[in-house]
Structure formats: C-alpha cells, structure tokens
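What the sequence shown shows, in my numbering, is residues 254 to 448, in sequence order.
We treat Cβ as the ideally placed atom computed from N, Cα and C, and that holds for glycine.
This structure is a prediction, so every number in the text was calculated from the model and none was measured.
For reference, the structure discussed in these notes is given below.
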Amino acid sequence: MSEIPAVVADCDRTFAAVQRLVDAVQPDQWTAPTPCTDWDVRQLLNHVANGNVVFAGVADRTRPSGPVSPEERAVDRLGDDPAAGFRATGARMHEAFLTPGFLDGTVDTPMLGEQPGTTVVHMRINELLIHGWDLARAIGRQPDLPEDLAEGALILWRTRLADRPREGMPFGIPEPVANDAPAIDRLAAFLGRKP
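Spelled out as structure tokens, the structure:
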C-alpha cells in the first residue's frame, strides 16, 4: 500500500475528529440548534456530508461541472443512521482525493472555478474544522479538533479575508477572543462565531 499524501492525511485526521463528535450526538440532539442559525445539528451535518460528496465528485471527475443545484443540496446523505451516513461520505471523499493526478493537477470547482487539487482538500479541511466547532458547541462537547490545522486555517482566512467586507459571505464580523485561546476558538471567532 502506498503512502497517503500529507494533505490527504490531514483531511483524514480532521474528518476523524469530526466523526468522533458525530458519534457522540445523542438521539435528542439531532434537532438541537447550532451556531449556524439556519440549521439544526442534522441539517448542519448533512450540509457537510453533501460537501464531502460534491468535492469527491470534483476530485474524481464524476460530478458534472457547474454550481451546486438546490436539488443537490437537498439530498439526504445521512439516512436512518446519521453517524454511519456521515462516515460513508468521509470514506468516499478519502478515496476520491487519492485519484491519480488529482493532487498534482487542477479541477473545476462549483464556486471558485479551476483550482489546484491541494486547494480543494484544504477547502474541505477548513469546512470540517469550522462546522466541527459548530457541532461541538451544539452538543456541549469540547471540539478536540487538530490545533495545528486550525492554526493553519486561521492564517489562511486572515490572509484571504483581510479587510474585505463580509456582506454576502457566509461569515459574520470577527468576534473578540483571547489571544491565548485554542486555535479552533480563534478561527471560529474570526469567522464570526461567539467562542
């Protein structure tokens, strides 16, 4: 078996941390509110699961190019066993990210046009980190997400957003947070969550 590329291993590590949180969701918590005020826990996780499948299709080129349709967003990826359904989307994403040529080439993404494969993987890491934090808050658990990757994501978002206005973006204005707070809390605060 060949060695897994570092960026895919980082994504696997992030997914595994989120999966541990998913596995901890109690039956009465699937409808609990989340920091993403439009979504309860199940809707939040289905959003992430859909993203996993969409970007798997981007990586292995099985998804037609173009934006994500409302019908695609509405697919229930979690099914009767949400934890197992979520796990299956992670396995699908992992396999797709190992598609020969994907990491070394570019692919057509639904929102950002042509992007390097490694950028696509980092996009999923970032999404898993922030929505993993959302999930942890919703179910009353510690996030326990990879601090090194959260620190890297924070640097990326500070560079990408800088002083750009956030109207129309899925982020709020930065919230105050202690400088010595965990990286995942500082990331969440920078993206408009209240840590």
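(message) Does residue 367 come out as helix, strand or coil in the three-state DSSP assignment?
(response) Along the sequence shown, read from residue 1 onward, the residue named residue 367 stands at position 114. Reduced to three states, the DSSP call for residue 367 is strand.
(request) Taking only the alpha-carbon atoms, compute the straight-line gap between residue 393 and residue 402 and give it to the nearest angstrom. (result) In the sequence shown, residue 393 corresponds to position 140, counting from 1. In the sequence shown, residue 402 corresponds to position 149, counting from 1. If you take the alpha carbons of residue 393 and residue 402, they lie about 22 Å apart.
(message) Can you tell me whether residue 381 is buried or exposed? The criterion is at least 16 other CB atoms within 10 Å of its CB, across all chains shown.
(response) Counting from 1 along the sequence shown, the entry for residue 381 is found at position 128. Under this definition residue 381 is a buried residue.
(request) Out of 432, 423, 298, point me to the one whose CA is closest to residue 388's CA. (result) For the purposes of this step, residue 388 is taken as residue 135 along the sequence shown, with counting starting at 1. Nearest of 432, 423, 298 to residue 388, Cα basis: 298.
(request) Counting only the same chain and skipping the five closest in sequence on each side, list residues whose C-beta sits under 6 Å from that of residue 271. (result) Here residue 271 refers to the residue found at position 18 of the sequence shown. These residues qualify, in order along the chain: 381, 385.
(request) Could you check if residue 418 is buried or exposed, using at least 16 other CB atoms within 10 Å of its CB as the buried criterion? (result) By 1-based counting over the sequence shown, the position of residue 418 is 165. Its Cβ having fewer than 16 others within 10 Å, residue 418 is exposed.
(message) I'd like to know whether the C-beta atoms of residue 330 and residue 303 end up nearer to each other than 8 Å.
(response) By one-based count along the sequence shown, residue 330 stands at place 77. By one-based count along the sequence shown, residue 303 stands at place 50. Cβ atoms of residue 330 and residue 303: closer than 8 Å.
(message) In the DSSP output, what is residue 360 paired with across the bridge?
(response) Position 107 of the sequence shown, counting from 1, holds the residue named residue 360. Looking at the DSSP assignment, residue 360 forms a beta bridge with 368.
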